[in-house]
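> Residue numbers (numbering that gives the first Met the number 0), protein chains in the order written: chain R, 0 to 217; chain B, 0 to 615; chain S, 0 to 347.
Cβ atoms here follow ideal geometry from the backbone N, Cα and C, with glycine treated the same way.
One structure coming up, written as structure tokens, with questions to follow.
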Amino acid sequence: MSTYPLPQQEPQGAQESVALQAPAHEAHHAALGVDSKKIGMWLFIASDCMFFGALIGTYLIYAGKSTVGPYPQDLFDIPLTTVSTFILLMSSLAMAMAVHGAQHGDMKKLKRWLGLTILMGLTFLGFQVYEYSHFIAAGLTLSRNLFGTTFYVLTGTHGVHVALGVLWLTLLFITALRGDTKRVNPVNVEIAGLYWHFVDIVWIVVFAVVYLMADVAA
Amino acid sequence: MATITSTTARTLLRPTAQKGLLSWLTTVDHKRIGIMYFWTALFFLFIGGVEALIIRLQLARPNQTLVHPETFNQLFTMHGTTMIFLAVMPLIAAFINYLLPLMIGARDVAFPRLNAFSYWIFLLGGIFLNIPWFFGQAPNAAWTGYVPLTLNQYSPGLNADYWLAGLQLVGLGTLISGFNFIVTIFNMRAPGMTLLRMPVFAWTTLIMSFLVIMAFPSITIALFFIMFDRMFGTHFFNIAAGADITLWQHLFWVFGHPEVYILILPAMGIISEVVPTFSRKPLFGYSVMVFSTVAIGFLGFSVWSHHMFTIGMGAVANTAFALTTMTIAIPTGIKMFNWIGTLWGGSIRFKTPMLYALGFLSMFVIGGLSGVMHSAAPANMQQHDTYFVIAHFHYVLIGGALFGLLAGMHYWFPKVTGRLMNERLGVASFIFSLIGFNMTFFPHHFLGLMGMPRRIYTYDAAMGWNTLNMLSTVGAFVLAFGFTLVLVNLLVSIKKGKEAGPDPWDARTLEWITETPPPVYNFAVTPLVSSRDEFWARKYQGAPALAAEEPGPIILPAPSYFPLLMSIALTVAAFGLVYSNLLLTIGLAATLLCIIGWAFEGVGEVTIYPKGFEQQ
Amino acid sequence: MRRSRLSRCVQRGTLLVFVLLLALAGAQVYAQSTPQQSALQPAGPVARMQLDLFMLTVYIAIGIFTLVVGLLLIAIVRFRSRPGRPEPKQVTGNNTLEVVWTIVPVILVAIIAVPTVRGLFFVDTPPEGESITVNVTAHQWWWEFEYPDYGIVTANEMRIPTGKVVKLNLTSSDVIHSFWVPNLAGKMDTNPGRWNSMWLQADTPGVYYGQCAEFCGVAHANMRFRVIAETPEEFDAWVARWEEALVEPVVHAETPDLVARGAEAFMDRACFACHAIAGTDAKGVVGPNLTLFGTRTSLAAGMLDNTPENLAAWIRDPQAIKPGNQMPRLNVPEEDIQAIVAYLHSLR
């Protein structure tokens, strides 16, 4: 092997695979020492923040501007939504446990906590479906007023994020059940975890802005 | 010749074609994708150009009736949409795709299949946007699509539906490219290629890509708002329900202004490569150039409302945005002086790429200065929405972005094809383009000040605009002739151009180290970089030609059907948005299937044995 | 070799001369033509301030352009590659220079910033003193002017007294338009659902032309209007005439029979459904108010002079004159057209 100075910013561990016998994609050439997919996920999260920023901004701009009811304070059941929020938050904890399992090669732990995360995600979605049907019965539809429009589109977009997350985790779960450790590797689980945590954090903001500040806005 | 073996994953059907149509449809090679971007962008540039010529013909004389006003509105709407989203941005993507990995010493981009997907969705989105021409309902509410004009009440036809859905397709491709380029730059650099050794073109790509991923969400959301208002009767822009129509303008320009820098930054990067090469000097003030690029990127997000000085925001808000806008002049000015500093003391050769680069420098100054004039908000209230603005942004986008891209095209053509473009044709094209361009757009400054609003299909003979409009139309044809010469030169030189050799310009950067044209794996061995102008340092400063790896078999990503399939699925969904929910559901379901298939297919591997290391 | 370089130098020189000539030609064309509407010929304080500020930016721009292109030209002439020239020194930068060319733009920007801010507050705050108020409502594709103090509602022509501040409140009944009279003031958008405000003032009597500046649909190009500035006495007389007309139509009929038939036809042909004439049963609000129509100088939102021939042609086929506008072709019989024309022109 030839000797040559390695670039300074390379963290240890990555050097071996980068500098030496390193075909382009097999070793995931990583000048930053972080997996490309993970950087990609962080960038997606940054970009997604702008998506939710636009949606939350719109919700706030239109808060209290509806010309007809029902209004937020007529409908919101804060204790109920607090429960679903708590469940989603706890799912983040479960996800963290699953990632921990993946990082330590503990497939059993991974599967257990991944399954729990999926269940909690589904429960959250169930709460959302219940809430929507309750609101619609009370007269709040997508085209009822500005509140309906902005509320459903904001929380619906978040719901779609959760649903896609559940789908993703389910695919991971099935792959793990089949014992495919090549695909269910720590990096892949971590990336799914990043996404899941992000979706949870967005919900915290949405919960605060939409539910807890409902009286302030009105 | 290199030998290739494919070790395709077992799970799913995987294309193996190396040649022919199928190999292009399934390719993940950044160079091939770059070439496809290039020709597609030229095709749309041609369409947008024809639209522009019809517009100019209609306006050549007062009270013309060449086209119906409705057609005229479709023409300028599609001219703007096409030039921005389907011509200049993809042309930029062509350069980035082909060159970025070569410049930073990588074998491909970080996500090759996503890269292919970006191209296919752009191509299909571009076609999609142009389909309604065939039944006379092309988008017609200007490229800015202001509400309420784009709502059902005022645009009941399919025009707006196609525009909204088409832009979503094209925007998705761009967004994904943005992620891809950033990760590529962060992670795929060859050892020793530190961030501050990257060519400035890579830096402008990086900043541009950040602008893309932070700016495109805003327009995506805004487009969905209009879509939902049209499809589901939501109230995002329904005044009667209490909505505020200026929300659209804010969301649009939060995207729209960074978009301007998305278009111009890569051209600045190209100029920063061409000017040093043809001056035989390193770029003057490299780190300042990098910093000013970053500064422009940041400031670009704080100025959007300067497109809205006349919407009635009040003096305080207008003041804030006028001041932030002015600050952008500072990093831009710094760039200009650094380019002159690069020329200064050099040994300047006036080949076609350099001529276009000099054209960029002089024309971009004019566009930049009229931009400063716009920032004086009270004066802007006279200029806004007039031909003065049209003059400004064509100086920035043709004199700036397009001239920069033409400089790059003539510069890297030999790298891509191994042949030189015809110099005499090149000089002629430059002269005609420059003269035609100024003749077309310089009079627009005066027209605007003389009261001519933009987007009018006719004007009265008594307005006093006749002479300048005629001059502008004649100029447009001169410009078109200049660009035709470029096209002729391209087509002729591909087959008959002089052999270029590996280093026709005595260049400075990494992409010229490898063979010309580059092999599929780019570098037989990944170079170890020790200098900012690595190639120059190796040639003239005695830097050793180090490699970062032993020669050996190279593993490249395998071709895939999924990028194309998924973009077709999404295009079906887009038709669904226009026509039927069933189609939408089918399209989205197919997309979801594609995503799953994509994930399980994996990157895949093709092993290549480069020259001198044939399979034992 | 040398000759080709020389010829290239000549080419570049020619180009530069060409560009300069073009600029000169532009200025020349401008000086010789008298555009109907122009920001370069201000006739009131707002437009004058805007032109002054613009010219300041122009002078600075010319200065910078001369500097940059001058340096560029010097560089490409002095440092062009010649045989026997030594390899250039590989200079990578110069910190002093960087500081200089950072500070210079900062100073120039500051010079523009001060009058910009002052100007923004100037256009936003109408000065104290005698003023009138006009409410402007933009429609696809015409303008409605309401004088709340006098009860006047008219269209496409705004009469104002010279020397007085005119406060405008602006809105739209449909899509966004933009109110622009270049000689008097920069534009202000008319947003549906919101009121914007601006002010302007005309120094001397005259007709000032204006035009919608925000793309608003198919007839955007034909959404023009006129601001007619009169001496305060003339303006008062116009207001007085309106006060009369609001009670009962003022009819100046040279051909009373025809006019009377026209008044009938106006109701028979359902013109009243869209148009209003004060003091009559015509109370439509969809189209322009036609009270005192005979005093107007233009029709079809500033497209045509208000002559009997033009008006007849307009009623005959509005779509042929202004494609896409909201007045349909009503197939009015020719004799009714002539009668309606006579009637409308008698309203003075």
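Pull up the distance between the alpha-carbon of ILE336(S) and that of ILE314(S), whole angstroms please.
Whole-angstrom Cα-Cα distance: 7 Å.
> Name the two residues that bound the continuous beta strand (DSSP E) containing ASP188(S).
Counting along the chain, the beta strand (DSSP E) containing ASP188(S) begins and ends at 184-189.
> Which word fits LYS584(B), buried or exposed, when buried means at least 16 other C-beta atoms lie within 10 angstroms of its C-beta?
With the sequence shown as reference, residue 584(B) is identified as Thr, and Lys is not the correct amino acid for it. Looking at its Cβ environment, which holds fewer than 16 other Cβ atoms inside 10 Å, THR584(B) is exposed.
> Would you call the stretch 10-23 of chain B and the stretch 167-185 of chain R in contact, with 3 or more CB pairs under 8 Å?
No, they do not touch.
> Three or more beta-carbon pairs under 8 Å between the stretch 77-95 of chain R and the stretch 48-62 of chain R, yes or no?
No, the stretch 77-95 of chain R is not in contact with the stretch 48-62 of chain R.
> Got a sec, what are the start and stop residues for the alpha helix (DSSP H) ALA598(B) sits in?
ALA598(B) -> alpha helix (DSSP H) spans 580-600.
> Kindly provide the ranges of any alpha helix (DSSP H) runs that are 4 or more residues long and lie completely inside the stretch 187-253 of chain B, ordered along the chain.
Those alpha helix (DSSP H) runs which fall completely within the stretch 187-253 of chain B and span 4+ residues are 199-231.
> My understanding is that VAL226(S) touches MET302(S), with C-beta atoms under 8 Å, so please give their C-beta distance in whole angstroms.
So it is not a contact: roughly 16 Å between Cβ atoms.
> For the stretch 68-75 of chain R against the stretch 130-140 of chain R, do three or more pairs of beta-carbon atoms, one drawn from each stretch, fall closer than 8 Å, so that the two count as touching?
Taking 8 Å as the limit for Cβ pairs, the verdict is that the stretch 130-140 of chain R does touch the stretch 68-75 of chain R.
> Count the other C-beta atoms from every protein chain shown that fall within 10 angstroms of the C-beta of LEU490(B), then say buried if there are 16 or more, exposed otherwise.
Exposed: under 16 other Cβ atoms inside 10 Å.
> Comparing alpha-carbon positions, which option in ALA573(B), TYR539(B), THR81(B) lies nearest LEU41(B)?
Among ALA573(B), TYR539(B), THR81(B), the Cα nearest to that of LEU41(B) is on THR81(B).
> Can you confirm whether GLU69(B), when its beta carbon is compared against all beta carbons of chain S, has any partner nearer than 7 Å?
So, interface residue.
> Check for me: the beta strand (DSSP E) holding TYR208(S) runs from which residue to which?
Element bounds for TYR208(S): 205-210.
> At the level of alpha carbons, what is the spacing between LEU210(B) and GLY63(R)?
Those two C-alpha atoms are separated by around 33 Å.
> If ILE238(B) and PHE94(B) are in contact, beta carbons under 8 Å, what's the gap, nearest whole angstrom?
Contact flag wrong, Cβ pair sits at about 44 Å.
> Considering HIS443(B), what are the terminal residues of the alpha helix (DSSP H) in which it resides?
422-448 is the extent of the alpha helix (DSSP H) around HIS443(B).
> Whose C-beta lies closer than 8 Å to the C-beta of GLU247(S) among residues of the same chain, with five residues either side of it excluded?
Contacts found: GLY278.
> Can you have a look at MET148(R) and say buried or exposed, based on whether 16 or more other CB atoms are within 10 angstroms of its CB?
First, the amino acid is wrong: residue 148(R) is Thr here, not Met. Buried, by the Cβ-count rule.
> Counting along the chain, where does the beta strand (DSSP E) carrying TYR210(R) start and finish?
Careful: TYR210(R) lies outside any beta strand (DSSP E) and carries neither H nor E.
> Could you list which residues in chain B have their beta carbon closer than 8 Å to that of PRO34(S), in chain order?
Under the 8 Å cutoff, chain B gives MET449, GLY450, MET462, GLY463, TRP464.
> If I measure Cβ to Cβ from PRO216(B) and keep anything under 7 Å in the same chain, skipping five residues before and after, which residues do I get?
Counting only Cβ-Cβ distances below 7 Å, and skipping sequence neighbours, we find nothing.
> Measuring alpha carbon to alpha carbon, tell me which residue in VAL388(B), ALA378(B), PRO275(B) is nearest PHE349(B).
Ranking the options by Cα distance to PHE349(B), first place goes to PRO275(B).
> THR170(S) and THR189(S) - do their beta-carbons sit closer together than 7 Å?
Result yes, Cβ atoms of THR189(S) and THR170(S) sit closer than 7 Å.
> Drop a sphere of 10 angstroms on the beta-carbon of PHE134(B), count the other beta-carbons inside from all chains shown, and report buried for 16 or more, exposed for fewer.
The residue is exposed, with fewer than 16 neighbouring Cβ atoms inside 10 Å.
> For LEU167(S) and ARG453(B), what's the separation of their Cα atoms in angstroms?
Their Cα atoms are separated by approximately 24 Å.
> Among residues of its own chain, excluding the 5 on either side of LEU433(B), which ones have a beta-carbon nearer than 7 Å to its beta-carbon?
If we look at LEU433(B) and ignore the five residues flanking it on each side, its Cβ neighbours are GLY358.
> Could you name the residues of chain R that VAL182(B) contacts, counting a contact when the two beta carbons are closer than 8 Å?
The contacting residues are SER35, ILE38, GLY39, LEU42.
> Taking contact to mean at least 3 C-beta pairs separated by less than 8 Å, is the stretch 34-47 of chain R in contact with the stretch 118-127 of chain R?
They do not touch, by the three-pair rule.
> Select from the stretch 330-362 of chain B all residues with a C-beta closer than 7 Å to any C-beta belonging to chain S, and list them in chain order.
Residues passing the 7 Å Cβ filter: GLY332, ILE333, MET335, PHE336, ILE339, GLY340, LEU342, TRP343, GLY344, GLY345, SER346, ILE347, ARG348, PHE349, LEU357, LEU360, SER361.
> Take THR122(R) and list the residues in its own chain whose beta-carbon comes closer than 6 Å to its own, dropping the five residues that flank it on each side.
ILE86.
> Let me check understanding here. Comparing Cα to Cα, which of ASN288(S), ASN309(S), PRO332(S), PRO41(S) lies closest to ILE346(S)?
Ile is not the amino acid found at residue 346(S); the sequence shown has Leu there. Nearest C-alpha to LEU346(S): ASN288(S).
> For LEU405(B), which residues of its own chain have a beta-carbon under 7 Å away from its beta-carbon, when the five flanking residues on both sides are left out?
Closer than 7 Å at Cβ, skipping near neighbours: TYR355, VAL485.
> Taking the straight line between their C-alpha atoms, what separation do you get for PRO350(S) and TRP241(S)?
Nothing can be reported for residue 350(S), as the shown portion of chain S is limited to 0 through 347.
> What residues in its chain sit with their C-beta under 7 Å from that of GLU243(S), if we drop five residues either side in the sequence?
Only VAL249 meet the Cβ criterion.
> Would you call LEU176(R) buried or exposed, if buried means 16 or more other Cβ atoms sit within 10 Å of its Cβ?
LEU176(R) comes out exposed.
> Express the C-alpha separation of VAL340(S) and LEU122(B) in angstroms, rounding to a whole number.
Roughly 56 Å between the two C-alpha positions.
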